[in-house]
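Asker: Each residue of the sequence shown is one higher than the one before, starting from 23 at the first, in my numbering. Note that CB positions come from ideal geometry on N, CA and C, so glycine has one too.
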Amino acid sequence: MKYPIISTRDLSLLPDVETLKRITQSMSVICEILLYPITSFPPDYYILAEPGKNFFTAHMDNTQGDLWHILFNSSGAVMGGFFHEAEMSPWG
23 MKYPIISTRD
33 LSLLPDVETL
43 KRITQSMSVI
53 CEILLYPITS
63 FPPDYYILAE
73 PGKNFFTAHM
83 DNTQGDLWHI
93 LFNSSGAVMG
103 GFFHEAEMSP
113 WG
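1) From the DSSP secondary-structure annotation, give me the bridge partner or partners of Thr79.
2) Name the residue from Gln86, Phe78 and Glu109 whose alpha carbon lies nearest to the alpha carbon of Gln47.
3) Leaving out five residues before and five after His81 in sequence, what residues of the same chain have Cβ atoms less than 6 Å from its Cβ?
4) Do Leu33 and Ala99 have their CB atoms nearer than 8 Å?
5) Does Asp66 pass the burial test, meaning 16 or more other C-beta atoms within 10 Å, or should it be called exposed?
6) Measure the beta-carbon distance from Phe94 to Val51 and round it to whole angstroms, keeping in mind my assumption that it falls under 8 Å.
7) If Asp83 and Phe105 are in contact, beta carbons under 8 Å, what's the gap, nearest whole angstrom?
Here it is as structure tokens:
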């Protein structure tokens with residue numbers, strides 16, 4: 023399946039920061055409820071937040087070479103990741 027390429031040259035395919043925050047929180051909850059109890063592996067998606075702070079991080083690692091991290095704060099978000107089957111990847 024071909025996925026559109028999101029790069030630093032064209033961020034128009036990314037959702038706004040609040041939508042991205044809600045999506046990552048939802049993925050984390052779904053993974054924790056549905057997958058973790060039956061697999062006993064650490065969840066693929068998780069959220070790290072410290073109460074009283076104005077930032078949190080979202081993380082995904084499928085242990086097969088794909089991962090991303092997002093830091094959300096009051097200024098917006100910064101993200102980085104790697105998808106090993108992407109066209110730009112030397113391992114794809």
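Answerer: For this structure:
1) Leu70 and Leu93
2) Phe78
3) Within the same chain, His81 has close Cβ partners Tyr68 and His91.
4) no
5) buried
6) Actually they do not touch by this definition, with Cβ atoms about 16 Å apart.
7) Contact doesn't hold; Cβ gap of about 12 Å is too wide.
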